[in-house]
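In the numbering used here, the protein residues as written are 9 to 275.
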């Protein structure tokens, strides 16, 4: 009974943190969920598939968390739905491929991919290079290709897509607030397609814990979303009150810390 209470408490606290960050930074929450769930699932289930389960469950929760934060961003007229349409198709395709292909990666390989990706993004954000003022988003097919890359990498490591989409949009002269809001919207198709891919990838495994669908572990899913849906709108409201310059720096520092953790302190 004590273990059950402790497990549920971890999921609820994690949900509160990731919900707030999803609204504040336009990320899906996987930056926090994946490391926490990996440790929790190793401890509570003892499964050798803990990393894959953490990533898959992260993507499933992102679908709910992102919807909650997008609704608040939309109320502030910050979501660029025209940009969303340019990226959505590619993101869907890439996310499904990434989720399904996860079965061919070890947990350590996923951690290294995650860490390198986040390190590059963090450096780019902290350097604060101003984009060429004449640069604008390319056309549909070029954005579809970019969307495939975003969806694939985001799905493989369970981050939802916001940490990749936000720098890309800022680089193309989309304002920070609009980039964050639109990235939150992009996380929806990433999470949906990626979750399906992970479910199919783990569907035939016989040694997964009870209450799992493929790699998705439902007790963690429901515990996280139970609190995240209340905190995501709070983060989104806070994002519209902050100056975009320090927000961008905070975003970069956050990713840098995560990258170091994944590269040097993950099993």
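Glycine residues also receive a C-beta, built at the ideal position from the N, C-alpha and C atoms.
For residue 3 and residue 189, I'd like the C-alpha separation in whole angstroms. Within the shown structure, residues of the chain are numbered from 9 to 275, placing residue 3 beyond reach of any answer.
Is the beta carbon of residue 200 less than 8 angstroms from the beta carbon of residue 164? Position 192 of the chain shown, counted from the first residue, corresponds to residue 200. Position 156 of the chain shown, counted from the first residue, corresponds to residue 164. No, Cβ-Cβ distance for residue 200 and residue 164 is not below 8 angstroms.
Those residues which DSSP pairs with residue 51 across a bridge: Translated into positions along the chain shown, residue 51 becomes position 43. Partner(s): none; residue 51 has no beta bridge.
Within a Cβ cutoff of 8 angstroms, which residues of the same chain sit near residue 111, ignoring the five residues on either side of it in sequence? Here residue 111 refers to the residue found at position 103 when the chain shown is read from its first residue. Cβ within range, chain order: 60, 209 and 210.
With a 10 Å radius around its C-beta and 16 neighbouring C-beta atoms as the bar for buried, classify residue 88 as buried or exposed. As a working note, residue 88 is residue 80 in the chain shown. Classified as buried, residue 88 has 16 or more neighbouring CB atoms from the shown chains inside 10 Å of its CB.
What three-state label does DSSP hand residue 225 in the structure shown? To locate residue 225, count along the chain shown from 1; it is residue 217. Strand, per DSSP.
Could you give the distance in angstroms between the alpha-carbon of residue 264 and the alpha-carbon of residue 27? For the purposes of this step, residue 264 is taken as the residue at position 256 of the chain shown. For the purposes of this step, residue 27 is taken as the residue at position 19 of the chain shown. Straight-line measurement puts the Cα of residue 27 at about 20 angstroms from the Cα of residue 264.
Could you work out which residue in 15, 18 and 32 is closest to residue 262 when comparing CA atoms only? Here the question's residue 262 lines up with position 254 in the chain shown. With distances taken between Cα atoms, residue 262 lies closest to 32.
Please determine, among 107, 57 and 77, the residue with the shortest C-alpha to C-alpha distance to residue 116. On the chain shown, position 108 is the one that residue 116 refers to. Comparing alpha-carbon positions, the option among 107, 57 and 77 lying closest to residue 116 turns out to be 57.
From 64, 14 and 82, residue whose alpha carbon lies closest to that of residue 167: Here the question's residue 167 lines up with position 159 in the chain shown. The shortest CA-to-CA distance from residue 167 to any of 64, 14 and 82 is the one to 64.
When burial is assigned at 16 or more other CB atoms within 10 Å of the CB, is residue 151 buried or exposed? Along the chain shown, one-based indexing puts residue 151 at 143. Buried, because 16 or more other Cβ atoms sit within 10 Å of the Cβ of residue 151.
Neighbourhood of residue 186 by C-beta distance below 6 angstroms, restricted to the same chain and skipping five residues each side: Mapped onto the chain shown, residue 186 falls at position 178. Taking C-beta separations shorter than 6 angstroms and ignoring five residues to either side along the sequence, the partners of residue 186 in its chain run 86 and 88, following chain order.
From 114, 67, 162 and 183, residue whose alpha carbon lies closest to that of residue 98: In the chain shown, counting from the first residue as 1, residue 98 sits at position 90. For the set 114, 67, 162 and 183, the Cα lying nearest the Cα of residue 98 is the one of 162.
Inter-residue Cα distance where the pair is residue 220 and residue 82: Against the chain shown, residue 220 aligns to sequence position 212. Against the chain shown, residue 82 aligns to sequence position 74. In this structure, the CA atom of residue 220 is about 33 angstroms from the CA atom of residue 82.
Nearest-angstrom Cα separation, counted from residue 254 out to residue 267: Here residue 267 refers to the residue found at position 259 when the chain shown is read from its first residue. Here residue 254 refers to the residue found at position 246 when the chain shown is read from its first residue. Going from the Cα of residue 267 to the Cα of residue 254 covers about 20 angstroms.
Whether residue 245 touches residue 69 by CB criterion (8 angstroms): For this step, residue 245 is matched to residue 237 along the chain shown. For this step, residue 69 is matched to residue 61 along the chain shown. No, the pair does not count as a contact, with Cβ atoms beyond the cut-off.
Label residue 225 either buried or exposed according to how many other C-beta atoms from any shown protein chain fall within 10 Å of its C-beta, with 16 as the threshold for buried. For the purposes of this step, residue 225 is taken as residue 217 along the chain shown, with counting starting at 1. Counting every other CB atom within 10 Å of its CB across the protein chains shown gives residue 225 a total of 16 or more, marking it as buried.
For residue 220, which of helix, strand or coil comes out of DSSP? Counted from its first residue, the chain shown places residue 220 at position 212. Correct three-state label for residue 220: strand.
At 4 residues or longer, and completely inside the region 151-233: list those alpha helix (DSSP H) runs for me, N to C. Secondary structure remark: continuous alpha helix (DSSP H) runs of at least 4 residues inside the region 151-233, in chain order: 170-179 and 184-209.
Where does residue 113 fall in DSSP's three states? By one-based count along the chain shown, residue 113 stands at place 105. Three-state result, residue 113: coil.
Compute the Euclidean distance between the alpha carbons of residue 123 and residue 194, then round it to the nearest angstrom. In the chain shown, residue 123 corresponds to position 115, counting from 1. In the chain shown, residue 194 corresponds to position 186, counting from 1. Taking the straight line from one Cα to the other gives about 21 angstroms.
Mind checking residue 160: buried by the 16 CB within 10 Å criterion, or exposed? Reading the chain shown from its first residue, position 152 is the one you call residue 160. Counting Cβ neighbours within 10 Å, residue 160 comes out buried, since at least 16 surround it.
Around the C-beta of residue 184, are 16 or more other C-beta atoms found within 10 angstroms, so that it is buried, or is it exposed? Translated into positions along the chain shown, residue 184 becomes position 176. So residue 184 counts as buried.
Could you tell me the alpha carbon to alpha carbon distance between residue 94 and residue 177, rounded to whole angstroms? By one-based count along the chain shown, residue 94 stands at place 86. By one-based count along the chain shown, residue 177 stands at place 169. For residue 94 and residue 177, the distance between alpha carbons rounds to 12 angstroms.
Please state the DSSP three-state secondary structure of residue 87. Taking the first residue of the chain shown as 1, we reach residue 87 at position 79. In the three-state reduction of the DSSP assignment, residue 87 falls in the coil class.
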